[in-house]
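Our numbering numbers the first residue of the sequence shown as 12 and each following residue consecutively.
Ideal Cβ placement from N, Cα and C applies to all residues, glycine included.
Take a look at the structure set out below.
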Amino acid sequence: MEKKELEECKKRLLEAKAKILERYRAKEETQKRLEEESKEPGDIEDIGQVSYTEELLDNLSQIEIKNLQEIDYSLKKIEAGTYGICESCGEDIPFERLCAVPWTRYCAKCAEEIEKEEGTFMPSYGFEPILTEDIQIERDDISEV
12 MEKKELEECK KRLLEAKAKI LERYRAKEET QKRLEEESKE PGDIEDIGQV
62 SYTEELLDNL SQIEIKNLQE IDYSLKKIEA GTYGICESCG EDIPFERLCA
112 VPWTRYCAKC AEEIEKEEGT FMPSYGFEPI LTEDIQIERD DISEV
């Protein structure tokens with residue numbers, strides 16, 4: 012991997028880390044506000060909304076904590092000179108993939124195989140545009156002049 016590409020990936024990792032940390036700070040503020048609101052008596056709907064929001068924030072933070080761990084791991088790999096190498100097959104991970112997911116540990120092929128083994132694989136079905144000339148509308152209430 013070229014030095015310029017490596018610097019770009021490092022920049023993306025640091026930006027992603029900063030965004031997660033900022034969201035975490037905002038989450039903390041929201042949770043403090045929710046705690047204050049839950050101290051005040053409210054109806055069942057208010058209590059349910061507060062509980063739902065707290066649960067959602069906890070789930071988001073678990074995902075973001077995992078992403079932070081992966082980002083920190085990737086930054087260590089940059090320092091060690093092993094960043095951008097697939098941990099499964101040992102091949103270089105294409106720069107385009109690293110731009111999309113800079114904390115990835117695997118090339119696309121190996122990641123797909125691992126996801127299939129773990130049961131988390133989501134196949135891409137592609138996109139086929141609908142052409143308007145293929146659509147036929149038959150209505151009795153419209154007549155051609």
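For residue i, list the residues DSSP reports as bridge partners.
i	result
isoleucine 82	Isoleucine 82 pairs with nothing; no bridge assigned.
To the nearest angstrom, how far is it from the Cα of residue i to the Cα of residue j?
i	j	result
glutamate 16	isoleucine 82	17 Å
glutamate 39	lysine 87	27 Å
alanine 37	alanine 91	33 Å
arginine 34	threonine 41	10 Å
cysteine 20	tyrosine 94	9 Å
lysine 22	cysteine 110	10 Å
Does DSSP classify residue i as helix, strand or coil?
i	result
isoleucine 104	coil
Measuring CA to CA, which of the options is closest to residue i?
i	options	result
leucine 79	Cys121, Ile96 and Lys28	Lys28
glutamate 13	Ile104, Glu47 and Lys127	Ile104
glutamate 98	Arg23, Gly130 and Tyr117	Tyr117
isoleucine 89	Ile76, Ile74 and Thr115	Thr115
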